[in-house]
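Written below as structure tokens is the structure these notes are about.
Residue numbers (my numbering): 152 to 288.
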């Protein structure tokens, strides 16, 4: 499960560098085009839930070296199903809210909606393209 912790740290690194800082640096440098997707917020939500699963798992199994317990072995299947569906719903909500925050920030710094790039893959999210509109004085 230590490998899972490294995966969670990788997701945190990717979320910070490629989602958050890429967006902030893009608006600061006023690049011509910025892509906004629900997938950005979903990546942040997945990172959050990786940590909320892996950290309790490691704490639960800190003295069990040979046969670690999984969380679904400790709790009933019904409670784990409810928690999983709640986490999935919350992850999608985080994606929606993060996209709304990005769009609000983009409109406040001078970006306008251009078009939507459709993504037809299995779990693909459509990407909205925003372009920088120079304000004329």
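For every residue, glycine included, the Cβ atom is placed at its ideal position computed from N, Cα and C.
Tell me whether the beta-carbon of residue i lies closer than 8 angstroms to the beta-carbon of residue j.
i	j	result
residue 281	residue 195	no
residue 193	residue 246	yes
residue 253	residue 174	yes
residue 291	residue 242	Lying outside 152 to 288, the shown extent of the chain, residue 291 is not represented and no answer is given.
Compare the Cα-Cα distances from residue i to each of the options and report the closest residue.
i	options	result
residue 238	270, 253, 202 and 182	202
residue 184	277, 240, 263 and 270	263
residue 284	189, 265 and 277	265
residue 169	221, 229 and 187	187
Here's the rule I'm using: 16 or more other beta-carbon atoms within 10 Å means buried, otherwise exposed. How should residue i be labelled?
i	result
residue 279	buried
residue 155	exposed
residue 259	exposed
residue 267	exposed
residue 240	exposed
residue 244	exposed
residue 189	buried
residue 277	exposed
What does DSSP give as the partner residue(s) for residue i in the beta ladder?
i	result
residue 280	186 and 266
Which ranges would you report for the beta strand (DSSP E) in the region 226 to 270 if only whole runs of at least 3 residues count? 262 to 268
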